[in-house]
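When we follow the working numbering, the leftmost residue of the sequence shown carries the number 60, and every step to the right adds one.
Using N, Cα and C, we set each Cβ at its ideal position, and we do this for glycine too.
It should be emphasised that the depicted structure is a prediction, and the values quoted were computed from it without experimental measurement.
Data block below; observations after.
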Amino acid sequence: MMKAFILCDYEGTTGTVSWEDEDSLGPEAMAGDINATIEGLRQGGFTEFVVRDYHGGGRTIRPVDIDPAATLIRGKSTPYPYGLGSEFDAMTFVGAHTMAGTQNGVMCHTMNGDIYELKINGKVVGEIGGFAYLTGYFGVPMIFVSGDQAACDEAKGIIGDVETAATKYGLGRLCAECLHASVSRERITSGALAAARRLKEFKPLTIEGLVTLEVSYRSPDSADKVQETTGGERIAGRTVRIVRDNVFEALRHFERGFM
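Okay, structure coming up:
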């Protein structure tokens with residue numbers, strides 16, 4: 060028996076290009092891409108699926124729309140790290156988007172609109188990289204990522220030979236050439252299946268030793284607040300730094316205090 064953790068965001072899902080559409084397109088877009096992922100993983104031997112609605116308040120996905128073989132974690136106050144743990148054999152990131160500032164990255168941002176840049180041990184990362192390191196802390200590899208082409212490129216640049224599926228091609232931050240849903244989801248299923256078949260080839264993305272996390276904000280006002288509430292070290296007008304024993308503690312501190 061193999062168990063998969065499926066993290067799903069909105070911005071990289073099939074057909075989406077703007078937050079103005081998230082109520083009308085979001086539920087179907089996220090559920091459709093999730094179910095396509097589950098189908099591929101199932102064909103590749105996975106039998107258990109836990110889905111985490113990671114967009115906004117964690118209530119975009121309608122539970123009735125998800126494959127009945129899966130369970131769904133909903134809500135914003137889920138204890139960190141959102142249900143992820145060492146009991147999983149693999150993690151997938153569905154509907155991923157690129158880090159803030161990426162050219163032709165559809166709806167690109169890092170965690171929220173206030174963050175300009177996030178570094179882990181000097182390496183600039185977005186949510187894809189952050190979650191790849193987080194799941195790696197638990198000994199679980201990220202094996203598949205779907206999203207716009209820029210997100211797929213970002214995933215390969217950080218993780219390496221991860222399986223990906225492009226749902227659209229960015230022409231700007233709020234514009235993309237979108238695939239038909241049937242084509243996009245066929246790609247997703249094929250990519251997830253390929254990832255499942257290659258499971259033993261993937262290694263968790265890990266960091267040995269102390270972890271230094273630096274967060275630069277768009278405004279020094281945000282850095283003022285974060286420095287006060289977290290006790291982090293102010294290293295520049297808009298940047299706060301923390302050092303922790305491992306990536307889990309560093310990211311937990313960031314998630315609960317730096318945002």
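Counting C-beta pairs closer than 8 Å gives three or more between the stretch 204-213 and the stretch 145-157, which meets the contact rule. Annotation note: the stretch 210-255 contains the following uninterrupted beta strand (DSSP E) runs of length 3 or greater, listed N- to C-terminal: 222-231, 234-237.
If you look at GLY154, you'll find it in the beta strand (DSSP E) that goes 149-155. The continuous stretches of alpha helix (DSSP H) do not include SER205, which lies in the beta strand (DSSP E) extending over residues 201-207. According to the DSSP assignment, VAL299 belongs to the beta strand (DSSP E) that extends over 298-303. Distance from the CA atom of PRO200 to the CA atom of GLY296, rounded to whole angstroms, is 36 Å.
Counting C-beta pairs with one atom in each stretch, the stretch 91-107 and the stretch 188-200 have fewer than three that are closer than 8 Å, which means they do not touch. Spatial neighbours of SER278 in its own chain (CB-CB distance under 8 Å, excluding positions within 5 residues in sequence) are listed in chain order as ASP173, ARG297. Comparing alpha-carbon positions, the option among ARG111, SER249, ALA224 lying closest to LYS135 turns out to be ARG111. In the three-state reduction of the DSSP assignment, PHE190 falls in the helix class. Only buried fits GLY91, as 16 or more other CB atoms lie within 10 angstroms of its CB.
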